[in-house]
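Chains as they are written, first to last, in the numbering used here: chain H, 36 to 280; chain D, 19 to 336.
Everything below concerns the one structure shown next.
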Amino acid sequence: MKILVCITHVPDTTSRIAFTDDNTKFDQAGVQFIIGPYDDYALARAVELKESLEATITVLHVGGAEADPTIRKALAIGADDAIRVNASAKDAFYVAQQIAAVARDKAYDMILMGRESIDYNGGQVHGMVGALLNIPSVSPVMKLDVESGVAKMVREIEGGTQQVEVPLPLVAGCQEPIAEWKIPNMRGIMSARSKPMEVLEPIDAEEGTSFVRFELPPAKAAIKMVDPNNVEELVNLLKVEAKVI
Amino acid sequence: MSVIVFIEGDQGTVKSSSKEAVAYAAAMEQKPVIAIALGTYSEEELSALGNYGAGQVLHVSSEQLDEGAIQAVASTLAQAVEQHGAHTLVMAKSALADAVAARVSVLIKASLASNVVALPDLSDGFRVKRSIYTGKAFEEVNLTAERRVLTIKKNAVAITETGNSCQVEAFDPDLQQDDFKVNITATDKAAGDVLLPEADIVVSGGRGLKGPENWQIVEDLAAALGAATACSKPVSDMEWRPHHEHVGQTGVKVSPSLYIAVGISGAIQHLAGVNSSKVIVVINTDPEAPFFKAADYGIVGDAFEVVPKLTAAINSAK
Numbered sequence: 036m037k038i039l040v041c042i043t044h045v046p047d048t049t050s051r052i053a054f055t056d057d058n059t060k061f062d063q064a065g066v067q068f069i070i071g072p073y074d075d076y077a078l079a080r081a082v083e084l085k086e087s088l089e090a091t092i093t094v095l096h097v098g099g100a101e102a103d104p105t106i107r108k109a110l111a112i113g114a115d116d117a118i119r120v121n122a123s124a125k126d127a128f129y130v131a132q133q134i135a136a137v138a139r140d141k142a143y144d145m146i147l148m149g150r151e152s153i154d155y156n157g158g159q160v161h162g163m164v165g166a167l168l169n170i171p172s173v174s175p176v177m178k179l180d181v182e183s184g185v186a187k188m189v190r191e192i193e194g195g196t197q198q199v200e201v202p203l204p205l206v207a208g209c210q211e212p213i214a215e216w217k218i219p220n221m222r223g224i225m226s227a228r229s230k231p232m233e234v235l236e237p238i239d240a241e242e243g244t245s246f247v248r249f250e251l252p253p254a255k256a257a258i259k260m261v262d263p264n265n266v267e268e269l270v271n272l273l274k275v276e277a278k279v280i
Numbered sequence: 019m020s021v022i023v024f025i026e027g028d029q030g031t032v033k034s035s036s037k038e039a040v041a042y043a044a045a046m047e048q049k050p051v052i053a054i055a056l057g058t059y060s061e062e063e064l065s066a067l068g069n070y071g072a073g074q075v076l077h078v079s080s081e082q083l084d085e086g087a088i089q090a091v092a093s094t095l096a097q098a099v100e101q102h103g104a105h106t107l108v109m110a111k112s113a114l115a116d117a118v119a120a121r122v123s124v125l126i127k128a129s130l131a132s133n134v135v136a137l138p139d140l141s142d143g144f145r146v147k148r149s150i151y152t153g154k155a156f157e158e159v160n161l162t163a164e165r166r167v168l169t170i171k172k173n174a175v176a177i178t179e180t181g182n183s184c185q186v187e188a189f190d191p192d193l194q195q196d197d198f199k200v201n202i203t204a205t206d207k208a209a210g211d212v213l214l215p216e217a218d219i220v221v222s223g224g225r226g227l228k229g230p231e232n233w234q235i236v237e238d239l240a241a242a243l244g245a246a247t248a249c250s251k252p253v254s255d256m257e258w259r260p261h262h263e264h265v266g267q268t269g270v271k272v273s274p275s276l277y278i279a280v281g282i283s284g285a286i287q288h289l290a291g292v293n294s295s296k297v298i299v300v301i302n303t304d305p306e307a308p309f310f311k312a313a314d315y316g317i318v319g320d321a322f323e324v325v326p327k328l329t330a331a332i333n334s335a336k
């Protein structure tokens, strides 16, 4: 069994979001980059399944060398080897085509990734990869088991869940509680240093979008405090001032 | 050339977010648009989409599509786009729409923008504004392909009702066995509740409520407001409430008109899921709770005293 886990390299969830260069560049000052939290769930589940499925896990990232420490962390968590497609990730379609090109070449049984990245929140790449490879894609996946070549999954839907069974190969966009995040131990960190990391040049690929600019939301007006013994005032404010009830 | 809007429903009732998607498409086109609904609906329910700007509804009345098989839905939408020569496919953001939109965009060679928050700027190409960094920022992008797929967030456009109804026609896609590789074996859905991503008002509880047995005050307030209930991540992690109610960075992102947070301190990861709400009310015993900085109205007080009083005040103001 060969599992491919695609990871993003994104600002930590507590990062202050700011832009420079006339709102065209993300301000990296003081920002810590991490494995995308959803991708981290996908990786953790792959590591949990590794032994029972006698699987090898390859971690894939589309991006520049600045992500190498993030990729090493994924190796320390339990991936066997890594591939970095050396390209700036222009948009979801561009990234999906790079992933599909790698996957076509190496014939993975499962391609796992997060349901979305936490920077662009597109949630697009897994479906695009599935369509490009003409294999099923399922998202958001909360549980994943594999029995005799069939993936048994629980997918979240509005107000509940859905159980699905899909023959391999497939693409899955993962989310909690599919697995517990894994913290790399010292042995993992040491062994990650010698695990193979292949750097591939990107294939020629089109983009579907062209970036114009970023924008921050307007600042919130100051809060109005209401006396706990006068909740009628809050009801009145919501009715008359905010007009939301 | 036209626009097609993907309609989703809940047990034969069209979701309000899908009505918004029709209104969005009609406002963008400045003329009636085509809607497509898959699965079991009454003709009356679908023809009422005329009220939101549909000029025609395509109905694929197949029980096989009731549960939203991702690939089959994507293939159906792609065929509808081809047959009607549509330039844009619009859908309301949802778990299904997210999974389907990306597949369709590849099938019909379209540019895809998800989490769109406003009508497009058509003055020079096709420019949209979308939410990024989990609601902490926006980006504007040009969609460069000749076709586009958009998923839109709640409250992206104000609904104008036309009072019209429209024709419903059968649509018969050519689906292959391969389209049903994702075999849905069971669906488990809470019946009768207001769906969280659809809700215009959300009442959310956190660890401050001290245990799942105390959720009645949240449910009573939600019932008084016709709201959906939600919770913070710790609450869902401790299984006080189901995961689909978890709002935040790694949970559901909501953009209701009113979000009421009870006993939630407001960690940055929680705020990421709610910061697109129009109005935020925070009720917390701790005046230093960070959530107050992100709120419009606040009450410092004990939820077990304040919330029942608030419920009573809302009921008596009706």
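Just so you know, even glycine gets a beta-carbon here, dropped at the ideal spot from N, CA and C.
Excluding its 5 nearest sequence neighbours in each direction, Pro-202/H has C-beta neighbours in its own chain below 7 angstroms: Gly-184 and Val-185, listed in chain order.
Pairwise C-beta distances place the segment 38-47 of chain H in contact with the segment 139-159 of chain H, as three or more of them are shorter than 8 angstroms.
Considering only Ala-100/H, Arg-51/H, Asp-57/H and Pro-175/H, the residue with the shortest C-alpha distance to Phe-249/H is Asp-57/H.
Taking C-beta atoms under 8 angstroms as the contact rule, Ser-132/D and Gly-157/H qualify, at a distance of about 5 angstroms. If you compare the alpha carbons of His-288/D, Tyr-315/D and Leu-107/D with that of Arg-225/D, the shortest gap goes to His-288/D.
The alpha-carbon separation between Lys-111/D and Tyr-155/H amounts to approximately 15 angstroms. DSSP, reduced to helix, strand and coil, places Thr-105/H within a helical segment of the structure shown. Every beta strand (DSSP E) stretch that sits fully inside the segment 165-248 of chain H and reaches 3 residues is listed by chain position as 172-182, 185-192, 195-202, 205-209 and 232-235.
With its beta carbon less than 8 angstroms from one in chain D, Asn-156/H belongs to the interface. For Ser-283/D, no CB of chain H lies under 8 angstroms from its own CB, so it is not counted at the interface with that chain. Taking the C-beta atoms as reference points, Ile-332/D is found nearer than 8 angstroms to Ala-242/D.
Burial of Trp-258/D is indicated by the presence of at least 16 other C-beta atoms within 10 angstroms of its C-beta. Note that the segment 112-121 of chain H touches the segment 224-239 of chain H; at least 3 beta-carbon pairs, one per stretch, sit closer than 8 angstroms. Taken atom to atom, the span from the alpha-carbon of Ile-134/H to that of Tyr-73/H is near 17 angstroms. Between Leu-168/H and Ala-207/H, the C-beta spacing is not below 8 angstroms. When Cβ-Cβ separations below 8 angstroms define contact, Gly-27/D makes no contact with chain H.
Leaving aside the five residues that flank Lys-108/H on each side, the residues in its chain whose CB is nearer than 7 angstroms to its CB run, in chain order, Ile-70 and Pro-219. Annotation for Met-145/H: the continuous beta strand (DSSP E) segment containing it runs 145-149. In the assembly as shown, Met-221/H is an exposed residue. Its beta-carbon has fewer than 16 other beta-carbons within 10 Å. The beta carbons of Ser-123/D and Met-163/H sit closer together than 8 angstroms. Closest in C-alpha terms to Ser-222/D, from the list Glu-47/D, Thr-169/D and Val-325/D, comes Val-325/D. Of the candidates Ile-280/H, Ile-238/H, Leu-251/H and Asp-262/H, Ile-238/H places its Cα closest to the Cα of Asn-121/H. Using a CB distance below 9 angstroms, the part of the segment 62-91 of chain H facing chain D consists of Pro-72, Tyr-73 and Tyr-76, ordered along the chain. Around the beta carbon of Gly-98/H, 16 or more other beta carbons sit within 10 angstroms, so the residue counts as buried.
Within chain H, the residues Thr-244, Ser-245, Phe-246 and Val-247 have their CB atoms less than 7 angstroms from the CB of Val-159/D, given in chain order. Runs of the beta strand (DSSP E) spanning 3 or more residues and lying entirely within the segment 289-330 of chain D occur at 297-302 and 315-318, in chain order. Distance from the CA atom of Gln-132/H to the CA atom of Ala-321/D, rounded to whole angstroms, is 51 angstroms. One alpha carbon belongs to Lys-172/D, the other to Asn-293/D, and they sit about 13 angstroms apart. With respect to Tyr-59/D, Gly-30/D sits close: the two C-beta atoms are nearer than 8 angstroms.
If you check each beta-carbon in the segment 81-102 of chain D against every beta-carbon of chain H, the ones closer than 8 angstroms belong to Glu-85, Gly-86, Ile-88, Gln-89 and Ala-92. Under the 8 angstroms criterion on CB atoms, Pro-237/H is classed as non-interfacial with respect to chain D.
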